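If you read the sequence shown in numbering that gives the first Met the number 0, its first letter stands for residue 0, the second for the next number, and so on.
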Amino acid sequence: MADLRVRALQCLTRRDHSRAELHAKLAAHADSEEALTAVLDALQAEHLLSDTRYASQRVSARANRYGNGRLRQELRQKGVSDGDIEAALPEAGDEGERCRAIWAKKFGQPPQSAEERAKQMRFLQYRGFSAEAIRQTLRGASEE
């Protein structure tokens, strides 16, 4: 069990992990599920493992490239609860402003044709921006 704790701490010193992510990494090294759960519970009690902190850091690190939909999806895949996700998303800032900034960096000029408009919309959708943020961005771009 001490070996398992050392492995967990080594992972956590490199970067924060969600509980589910750390569980998956350590499962192969654990003697039993109970021992693994005990180590993870102890780390959470000592505030060394926190899904809330992980979600906040992940959102802060990736918000300048992705929309709320993509951030939400990535955090769910890492096993973060919906409550922790919704608490962390406001730290990303206004989704519309982030969408405009990414659009301006990538394209910089309004679409000249329907095909170009569709291409720009697909790019922003892939980045996880809401339909409303995309519409506002492209509407604002065509008014310039």
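Quick reminder that beta carbons are idealized off the backbone N, C-alpha and C, glycines included. Here the structure is a predicted model, which means the values were calculated and not measured.
Open item on the list: Let's see if you can read the secondary structure: which residues bound the alpha helix (DSSP H) around glutamate 45?
Closed with: From DSSP, glutamate 45 is part of no alpha helix (DSSP H); its letter is neither H nor E.
Open item on the list: I need the straight-line Cα distance from glycine 78 to alanine 23, nearest angstrom please.
Closed with: 10 Å
- [ ] With a threshold of 16 other CB atoms inside 10 Å of the CB of histidine 16, please say whether the residue is buried or exposed.
- [x] buried
- [ ] Can you have a look at arginine 14 and say buried or exposed, based on whether 16 or more other CB atoms are within 10 angstroms of its CB?
- [x] exposed
Open item on the list: Please return the same chain residues whose Cβ sits closer than 7 Å to the Cβ of leucine 3, not counting the five positions on each side in sequence.
Closed with: Leu25, His28, Ala29, Ala34, Leu35, Val38
Task: Three-way DSSP call (helix, strand, coil) for asparagine 63 in this model - done: Residue state, collapsed to three classes: coil.
Task: Assumed close pair leucine 48, arginine 18 - CB separation to whole angstroms, cut-off 8 Å - done: 6 Å
Open item on the list: Helix, strand or coil, according to DSSP, for serine 55 in the structure here?
Closed with: helix
Task: Extent of the continuous alpha helix (DSSP H) run through arginine 14 - done: Unbroken run through arginine 14: none, as it is neither H nor E.
TODO: For the alpha helix (DSSP H) containing leucine 123, list its first residue and its last residue.
DONE: Run containing leucine 123: 113 to 125, per the alpha helix (DSSP H) assignment.
TODO: Identify which residue in Gln111, Gly66, Gln72 has its Cα closest to the Cα of alanine 130.
DONE: That would be Gly66, whose Cα lies nearest to the Cα of alanine 130.
- [ ] Determine the extent of the alpha helix (DSSP H) in which lysine 105 is found, giving its start and end residues.
- [x] 94 to 105
- [ ] Give the DSSP-derived three-state secondary structure of proline 89 in the structure shown.
- [x] helix
Task: aspartate 81 - DSSP class collapsed to helix/strand/coil - done: helix
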